[in-house]
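Visitor: Structure incoming, see below.
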Amino acid sequence: MEFLLAIWNWLVSVWIVVRWPLLFAFLLITFMLVSAIFSVWLERKVAGRIQDRLGPTRVGGKFGWLQTLADGLKLLVKEDIIPTQADHFLFRLGPYIALTGSFVAFLALPYGNGVVATEMNVAVFFMLAVMSTEVFGIILIGYGSGSKWSLFGGMREAAQMVSYEVPMAICVLVPVIVAGSMNLIGFAQVQETTAGTLASRSLMWNWYLFHDPFTFAAFWTYFTCATASCKRAPFDLAEAESELVAGFHTEYSGFRWLSIFMAEYGSMFAVSGIASLLFLGGWHIGVLPDDPTAYLGGFFGNLINVIVFIGKCWTLVFVMMWVRWTLPRLRIDQVMMTCLKYLLPISCVLLVGVSLWNMLLPTEVLALFPIVLFALCALLVVLLIKQLITWASAPPGTGMPGMWSMVGVTGYQGARKTHS
Amino acid sequence: MVNLQPFLFWLIASATALCAITVVVTQNIVRAATWLLFTLAGTSAIFFLLGADLVGVTQLLVYVGGTLVLLVFGVMLTAQGPFITMKTGAAEWAISAVVGFLFLGVLAVSAFSVKDSKIGPPQGSIAEKFAPKERLSKDPANAQYSAVIGQGFLGVGVGPAHQAGNKVIRTNYLLPFEIVSVHLLVVLIGAAYLARAKRRRRTAS
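From first to last, the protein sequence lines stand for chains A and H. First residue of the first sequence: 1231, per the working numbering; consecutive thereafter. First residue of the second sequence: 194, per the working numbering; consecutive thereafter.
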C-alpha cells in the first residue's frame, strides 16, 4: 500500500514539474497548426487574386474561411495508401521527422518579451540546427516511397536544403555580429531603446534592417535563402507540380500528406519569425516611443507585442506566397548555381563588410546611417504606392498591358494602344 | 521529491542505446542510417540535459544535419539495388562482439577512473534546477564544463595545478587533440584511396 502511495506521490511530483512545459508545447503546436490552416487559405486566396480569379468563396461564407477545415476533414478520412514497393517503416516515419524538425524550432522562438517556451542563449543557432534535421525527413520520404519520382524529388530537395543552409547561416551571422548575442529576446530588446534622445527611442530606424548596408542586404539574402530552404517557389523543384507528378510526396495522401505540409508551413513561419526578430525589430511596432507594457500594463502590453509579432511573420509568409505565384520555377542546376555562385559569395562579403563597418567607421556615421537609410526606404515606399495607385486607377486595357498583350504586333485584332 | 534529471537521463540514454544496437542489428542499410539519426539525436538530448546548449546544438547541426545527410546520400546512391539486405555471418558477430565489449571495458575503466568528478551544469539552466546541489564545484580548477575542456584543447592549462620543479603547471590536451586530428586526416585519405575508381587492366572487347 505504501508502495502505491509512493508511486502516486512520484507521479504527482512529476506532474508538477512537467505541467508548464506541456502547456507551452500544447499552445505552440496549436498555434503552428492553426497558422498552417490560415496559411493554406491565404495561399489559395493570394494565388487566386494573382491569377485574376477569386479563390475559395463557397465554404463558410463569402470568403471561404472554412475551406481549409473542409480540406483537413477530407484528408483525415481519406484512405491510407502505402505502395507495396515502399519501405513501410521509413514511409511512415518520414513525415513525423519532418514535422518534429519543424515544430521543435518553435520552442526557442519568442513571441514577446519573455513570451517564449524556452529562453535559450543560443536560440537562433538552435532554430537553424533543428530545422536542418527536417532534411532527413524529406530524404526518408523520397526514398521510402519506392518510386523514382519521389526519389528524384527527395534527392533534389535534400541537396537544395543542405546547400542553402550555408548562406542562410552566414546571413544570420551578420546581425548576430552586430548584436553580439544569439539570444532572440536580446535581439528584439537591442532594437529598442526606451531611454535617451528621440533618435534612440523604440522607433523603426532602430531595426537592424536599416542599421548598415550590410544588414540591409543580409535581410534580402536571408529571405531568399529561407525561401529556398522551405522549398517554396521559385525553388520548389522538389514538389514540381508540373514535372515530377508531385515530387517527393507523390505517394503520400491523406493525413501523411497533411503532416508534410504542416511541416512546410510551420518552417515558413519559423524562418519568417527569425527574419522579423533579427531584422525587423521582433515584436516592436516601431512608431511608439515605448513598449506597450509601459502604457497598458503587463498582460495587454504583451498581448499587443504577440499580435504585432505574428502579424509581421504572416506578412513575410504572404511575401513568400506572393513570390511563389509570380515567378517561374528555377531548374535544379539554376537553383544550385544561385546558391553556390551567387548567394554564398554575397553572404561572405556581407559578413566581412559588417565586421569592418562596425569596427572602422566613427560612431557619428554609425548613428546617422540608419536614419538616412530609413528615410530613403520610406521615400521609395511612398513613390511605389503612388505609382501603384496610378496604375490601378487607369482604365482596363491601358496602364499595365501585361505580358500577353500583343500591342504593336501588326495584324493582331486584339491589340490596343497603351498610354505610355 | 522528484529527481527528474536521473529519470530523464535513464530514459534518453536507454532509448539512445537501443537505437545504437538497432543500427548494428538491422539488415537494411538505409534503416541503419535512420537509427543512427536517432542515436545522434539522443546524444544531443543528453547534452541539453547537462545544460550544454551550444554543444547540443552543434551536435545537431554538424552530425545530424551534415554528416548524417552525407552518409545517407552515399548509402542510398551507391547501394547496388533498393532495399538490399546485409547478412552478417556468425564469425563476424563473434569477432565484433569481442571487440565491442573490450572497447566498452576500456571506456568504462577510463570514465570511472576520473577521481571525484565535480561536474555541474551551468548557472541558471534547467539542469541546474534539478541537479543535486552538493555536487557542484565552485573551483574553476576542478570544474569540468565544456568551455574549460575546449580551452584545454587549445593549449590553455586546465585541470588541477601541480608542481614540476619550481613551476606550477596544469595539464592541457593539445597533444591528444593534434594526434586525433592527424589520425582523422589519415582515415580520410585512406578512405578516399580505397574508394578510388580502379583502372581496368583488360582492353575493351
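Every residue, glycine too, gets a C-beta built ideally from N, C-alpha and C.
Which chain H residues sit within Cβ distance under 9 Å of F1355 (chain A)?
Guide: Translated into positions along the first sequence, residue 1355 (chain A) becomes position 125. Neighbours of F1355 (chain A) on chain H, chain order: D246, L247, V250, T251, L254.
Visitor: Could you confirm whether any beta carbon from chain H is found closer than 8 Å to the beta carbon of E1395 (chain A)?
Guide: Working through the first sequence from its first residue, we reach residue 1395 (chain A) at position 165. Answer yes: the Cβ-Cβ gap between E1395 (chain A) and chain H drops below 8 Å somewhere.
Visitor: Is the CB of F1491 (chain A) under 8 Å away from at least one CB in chain H?
Guide: To locate residue 1491 (chain A), count along the first sequence from 1; it is residue 261. By this cut-off, F1491 (chain A) is not an interface position.
Visitor: Taking 8 Å as the CB-CB cut-off, is S1577 (chain A) touching chain H?
Guide: As a first step, residue 1577 (chain A) is located in the first sequence; it is residue number 347 there, counting from the start. Chain H contact via Cβ: absent.
Visitor: For a contact defined as C-beta to C-beta under 7 Å, what are the partners of Y1373 (chain A) on chain H?
Guide: Residue mapping note: residue 1373 (chain A) aligns to position 143 of the first sequence, counting from 1. In chain order: V223, M269.
Visitor: Comparing the C-beta of M1350 (chain A) with each C-beta of chain H, is any distance below 8 Å?
Guide: Taking the first sequence and counting its residues from 1, one reaches residue 1350 (chain A) at position 120. Judged by the 8 Å Cβ criterion, M1350 (chain A) is in contact with chain H.
Visitor: Along the chain, where does the alpha helix (DSSP H) containing T1568 (chain A) start, and where does it finish?
Guide: Against the first sequence, residue 1568 (chain A) aligns to sequence position 338. First-last for T1568 (chain A): undefined, no H or E at that position.
Visitor: Between the C-alpha atoms of M1398 (chain A) and G1531 (chain A), what's the straight-line distance to the nearest angstrom?
Guide: Working through the first sequence from its first residue, we reach residue 1398 (chain A) at position 168. Working through the first sequence from its first residue, we reach residue 1531 (chain A) at position 301. So the two alpha carbons sit approximately 32 Å from each other.
Visitor: Using CA coordinates, which residue listed in A:I1371, A:F1485, A:V1402 is at the minimum distance from V1352 (chain A)?
Guide: Translated into positions along the first sequence, residue 1352 (chain A) becomes position 122. The option with the nearest alpha carbon to V1352 (chain A) is A:V1402.
Visitor: Would you kindly check if the distance between the Cβ of G1384 (chain A) and the Cβ of S1317 (chain A) is under 8 Å?
Guide: Here the question's residue 1317 (chain A) lines up with position 87 in the first sequence. Here the question's residue 1384 (chain A) lines up with position 154 in the first sequence. Note on residue identity: the sequence assigns Asp, not Ser, to residue 1317 (chain A). Not closer than 8 Å, so no.
Visitor: Is there a Cβ from chain H that is less than 8 Å from the Cβ of V1360 (chain A)?
Guide: For the purposes of this step, residue 1360 (chain A) is taken as residue 130 along the first sequence, with counting starting at 1. Chain H contact via Cβ: present.
Visitor: Near I1400 (chain A), which residues of its chain fall below 6 Å by C-beta distance, leaving aside the five closest residues on each side in sequence?
Guide: Translated into positions along the first sequence, residue 1400 (chain A) becomes position 170. S1577, L1581.
Visitor: Identify each residue in the region 223-243 of chain H for which the Cβ-Cβ distance to at least one residue of chain A is less than 8 Å, and report them in chain order.
Guide: Listed by position, the residues of the region 223-243 of chain H near chain A (Cβ gap below 8 Å) are V223, R224, T227, L230, A234.
Visitor: Answer yes or no: does any C-beta atom of chain H fall closer than 8 Å to that of F1453 (chain A)?
Guide: Residue 1453 (chain A) sits at position 223 when you count from the first residue of the first sequence. With 8 Å as the cut-off, F1453 (chain A) does not count as an interface residue toward chain H.
Visitor: Is there at least one Cβ from chain A nearer than 8 Å to V262 (chain H)'s Cβ?
Guide: Taking the second sequence and counting its residues from 1, the one referred to as residue 262 (chain H) is at position 69. Yes, because at least one Cβ of chain A sits closer than 8 Å to the Cβ of V262 (chain H).
Visitor: With 16 other CB atoms within 10 Å as the buried threshold, where does Q1390 (chain A) fall?
Guide: Taking the first sequence and counting its residues from 1, the one referred to as residue 1390 (chain A) is at position 160. So Q1390 (chain A) ends up on the buried side.
Visitor: Would you kindly report the start and end of the unbroken beta strand (DSSP E) that includes R1561 (chain A)?
Guide: Taking the first residue of the first sequence as position 1, residue 1561 (chain A) is located at position 331. Careful: R1561 (chain A) lies outside any beta strand (DSSP E) and carries neither H nor E.
Visitor: Cβ atoms of A1458 (chain A) and F1465 (chain A): under 8 Å apart, would you say?
Guide: In the first sequence, residue 1465 (chain A) corresponds to position 235, counting from 1. In the first sequence, residue 1458 (chain A) corresponds to position 228, counting from 1. Against a cut-off of 8 Å, the Cβ pair of A1458 (chain A) and F1465 (chain A) comes out as a contact.
Visitor: For V1197 (chain A), decide whether its Cβ has a neighbour in chain H, counting only Cβ atoms nearer than 8 Å.
Guide: No statement about residue 1197 (chain A) is possible, as the shown extent of chain A runs from 1231 to 1650 and does not include it.
Visitor: For V418 (chain H), go through chain A and note every residue whose CB falls closer than 9 Å to its CB, in chain order.
Guide: Lying outside 194 to 398, the shown extent of chain H, residue 418 (chain H) is not represented and no answer is given.
Visitor: With burial defined as no fewer than 16 other Cβ atoms inside 10 Å of the residue's Cβ, what is the status of S306 (chain H): buried or exposed?
Guide: Stepping through the second sequence from its first residue, residue 306 (chain H) is reached at position 113. It is exposed - the Cβ of S306 (chain H) has fewer than 16 other Cβ atoms within 10 Å.
Visitor: Which residues mark the beginning and the end of the alpha helix (DSSP H) in which T1451 (chain A) is found?
Guide: In the first sequence, counting from the first residue as 1, residue 1451 (chain A) sits at position 221. That run of the alpha helix (DSSP H) goes 1443-1459.
Visitor: F1417 (chain A) touches chain H at which residues, Cβ-Cβ below 7 Å?
Guide: Position 187 of the first sequence holds residue 1417 (chain A). Near F1417 (chain A) there are no residues of chain H at all, since even the closest Cβ is about 17 Å away, more than 7 Å.
Visitor: Along the alpha helix (DSSP H) that carries T232 (chain H), what are the first and last residues, could you check?
Guide: Numbered from its first residue, the second sequence carries residue 232 (chain H) at position 39. That run of the alpha helix (DSSP H) goes 222-242.
Visitor: I want to see whether chain H comes within less than 8 Å of A1425 (chain A), judged by CB atoms only; does it?
Guide: Within the first sequence, residue 1425 (chain A) is the residue found at index 195, counting from 1. Summary for A1425 (chain A): the model assigns pLDDT 49, below 50, so the residue's position carries little reliability; its value from the coordinates is reported in the next sentence. Not an interface residue.
Visitor: Could you tell me which of A:W1250, A:Y1341, A:F1254, A:S1393 sits nearest to Q1564 (chain A), measuring between CA atoms?
Guide: Position 334 of the first sequence, counted from the first residue, corresponds to residue 1564 (chain A). Residue A:S1393 is the option with its Cα nearest to Q1564 (chain A).
Visitor: Can you give me the start and stop residues for the beta strand (DSSP E) that V400 (chain H) sits inside?
Guide: Because chain H in this structure spans residues 194 to 398, residue 400 (chain H) falls outside the shown range and cannot be described.
Visitor: Write down the C-beta distance between G1503 (chain A) and L1263 (chain A) rounded to the nearest angstrom, noting that I regard them as a contact closer than 8 Å.
Guide: Translated into positions along the first sequence, residue 1503 (chain A) becomes position 273. Translated into positions along the first sequence, residue 1263 (chain A) becomes position 33. Going by Cβ atoms, the distance from G1503 (chain A) to L1263 (chain A) rounds to 16 Å, so no, they are not a contact pair.
Visitor: Nearest-angstrom Cα distance between S1497 (chain A) and A1266 (chain A)?
Guide: By one-based count along the first sequence, residue 1497 (chain A) stands at place 267. By one-based count along the first sequence, residue 1266 (chain A) stands at place 36. Going from the Cα of S1497 (chain A) to the Cα of A1266 (chain A) covers about 10 Å.
Visitor: Taking Cβ positions only, does V257 (chain H) come closer than 8 Å to chain A?
Guide: Here residue 257 (chain H) refers to the residue found at position 64 of the second sequence. It does: the Cβ of V257 (chain H) has a partner Cβ on chain A nearer than 8 Å.
Visitor: Is there at least one Cβ from chain A nearer than 8 Å to L387 (chain H)'s Cβ?
Guide: In the second sequence, the residue the question calls residue 387 (chain H) occupies position 194. Chain A, which has no Cβ nearer than 8 Å to the Cβ of L387 (chain H), makes this no.
Visitor: Please report how far the alpha carbon of E1469 (chain A) lies from the alpha carbon of L263 (chain H), in whole angstroms.
Guide: Taking the first sequence and counting its residues from 1, the one referred to as residue 1469 (chain A) is at position 239. Taking the second sequence and counting its residues from 1, the one referred to as residue 263 (chain H) is at position 70. Distance between the alpha carbons of E1469 (chain A) and L263 (chain H): 22 Å.
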